[in-house]
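Visitor:
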Amino acid sequence: MNASALVPLQLADPALAVGALAVAVVAITVWQMVEIVDAYDRGALTVFGEYRKLLQPGLNVVPPFVSRVYTFDMRTQTLDVPTQEAITRDNSPVTADAVVYIRVMDARRAFLEVDDYRRAVSNLAQTTLRAVLGDMELDETLSKRERINARIREELDEPTDEWGIRVESVEVREVTPSRDVTGAMEQQTAAERRRRAMILEAQGERRSAVERAEGDKQSRIIRAQGEKQSQILEAQGESISTVLRARSAESMGERAVIDRGLETLADIGHSESTTYVLPQELSSMVGRYGKRLTGSDVEGDGARLESLEFDEETRELIGLDDIAEIIGEIDREAEVDLEAMEREAKAIQEGEDVRTDDAGSSDVSAPDDGPEPGSKRR
């Protein structure tokens, strides 16, 4: 290659390099001018270190080479609070850790008011956790987690509001006493469980004793009621038996009187006397068991004498049916004797002779014209 050919080539290389440099500068400038912000982010734009505005999600044009964009995540973020050691109000050492949920509400204030809002909120949560645990007793720190969470959130709300940060929730994950305190608590828990077990056992024994006593009481009451009922039934049985025996004895006695009276009447019938006398006991019993008795002093003033009512067994026992038959025979014999007495009285009035046989019956004969010689009038 000759020298004349090299000169145009050398002249062409610088121009090509300048063109390429210009294209590169333009590309870099365009790249610096375009800022893409995600949907969940906000961008704080500064030009020469001066805050200008917040960039919204999407494509944004910014001054190239002299601007900077600080991106802020607007979603809820989680901050882990490291384990903190604290002394409770009753001088018991404990360790605790927590989780804080925050959200950027104002990206401008989060950019301008605080250096690193995540680190600031974490440090503030650590100090607040220690302070809250120090104001509480050991039992409260172990049992009142909701109270600890609420107090930490209240303590974080005021300063974080100035930073444009909202504390959505605080959760204490674990509160751990020291090893010595844990052993003492285990012993206390075991003693409490033993005490409760003894109380429950004592209550069970007392309840069992009460139930047994109540059962014995009910049993004695039922047994006493049974004995009382048995005694009542036995007394009623004896009373009924006594009444029946008395009735039987009374009936037998009355029947004996009636039999004796009938025997007496039979003796009177065989005698020569024309006057009949009935014993008062016999007439009373005859009036008692008869439906109606006339011609005696038992009825009195023509009043009606009602007989007593007996059941079939009693009637059979005292022989009321036999008594009725006997009374009927007595009435018939009385009628026959009355007729005989009337005939005898009439014969005496007419002067006729009256003869009485051995059976007690009388015979009336006509008077003679005169006494026979050597005979006597009866």
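Residues in the sequence shown are numbered from 1 upward in steps of one, following the UniProt record's numbering.
Ideal placement from N, C-alpha and C gives every residue a C-beta, glycine not left out.
Using 8 Å as the threshold, is the segment 61-70 in touch with the segment 124-136, meaning 3 or more CB pairs across them?
Guide: No: the two stretches stay apart, fewer than three of their Cβ pairs being nearer than 8 Å.
Visitor: Go ahead and pull the three-state DSSP assignment for K53.
Guide: Correct three-state label for K53: strand.
Visitor: Grouping DSSP H, G and I as helix and E and B as strand, with all else coil, what is E146?
Guide: DSSP places E146 in helix when its eight states are reduced to three.
Visitor: Please classify P63: does DSSP put it in a helix, a strand, or coil?
Guide: Here P63 sits in coil by DSSP.
Visitor: Is the beta carbon of L55 closer than 8 Å to that of E35?
Guide: Contact flag set, yes.
Visitor: CB-CB under 6 Å to residue 383, same chain, minus the five flanking residues each way: which ones, in chain order?
Guide: The displayed coordinates of the chain run from 1 to 378. Any statement about residue 383 would go beyond what the structure contains.
Visitor: With distances taken between CB atoms, is the gap from R42 to A120 smaller than 8 Å?
Guide: No.
Visitor: Work out the CA separation of A22 and W31 for me, nearest whole Å.
Guide: The alpha-carbon atoms of W31 and A22 are separated by roughly 14 Å.
Visitor: Give the straight-line distance between the Cα atoms of A190 and I148, rounded to the nearest whole angstrom.
Guide: A190 and I148: Cα-Cα distance of roughly 27 Å.
Visitor: Consult DSSP for A39 and reduce its assignment to one of helix, strand or coil.
Guide: A39: coil per DSSP, three-state reduction.
Visitor: Counting only the same chain and skipping the five closest in sequence on each side, list residues whose C-beta sits under 7 Å from that of I87.
Guide: Once the five neighbours on either side are set aside, the close Cβ partners of I87 are P93 and G134.
Visitor: By Cβ distance below 8 Å, which residues in the same chain neighbour D90 in space, the five residues on each side in sequence not counted?
Guide: Same-chain partners within the cutoff: E137 and L138.
Visitor: Just to confirm, is the Cβ distance from S170 to R145 under 8 Å?
Guide: Note that residue 170 is Val in the sequence shown here, rather than Ser. Taking 8 Å as the Cβ cut-off, V170 and R145 do not qualify as a contacting pair.
Visitor: What are the start and end residues of each continuous alpha helix (DSSP H) run of 4 or more residues lying completely inside the segment 138-225, in chain order?
Guide: Runs found: 138-143 and 145-162.
Visitor: Could you pull out every residue in the same chain whose Cβ sits closer than 7 Å to the Cβ of E168, ignoring the five residues on either side in sequence?
Guide: Contacts found: T76, Y101, I102 and R103.
Visitor: Considering only DSSP beta bridges, list what Y70 is partnered with.
Guide: A44, per the DSSP bridge assignment.
Visitor: So what does DSSP say about E113, is it helix, strand or coil?
Guide: If DSSP states are grouped into helix, strand and coil, E113 belongs with coil.
Visitor: Find out if the Cβ-Cβ distance for the pair T160, R151 is shorter than 8 Å.
Guide: Not closer than 8 Å, so no.
Visitor: Could you have a look at R108 and say whether DSSP puts it in helix, strand or coil?
Guide: R108: helix per DSSP, three-state reduction.
Visitor: According to DSSP, is R119 helix, strand or coil?
Guide: Helix.
Visitor: DSSP has I232 in a bridge; who is on the other side?
Guide: Looking at the DSSP assignment, I232 forms no beta bridge with any residue, so it has no partner.
Visitor: Do you know whose CA, among Y51, A44 and V37, lies nearest G58's CA?
Guide: Here the closest residue by C-alpha is V37.
Visitor: What residues match up with G58 in a beta bridge as DSSP calls it?
Guide: Note: G58 sits in a beta bridge opposite V37.
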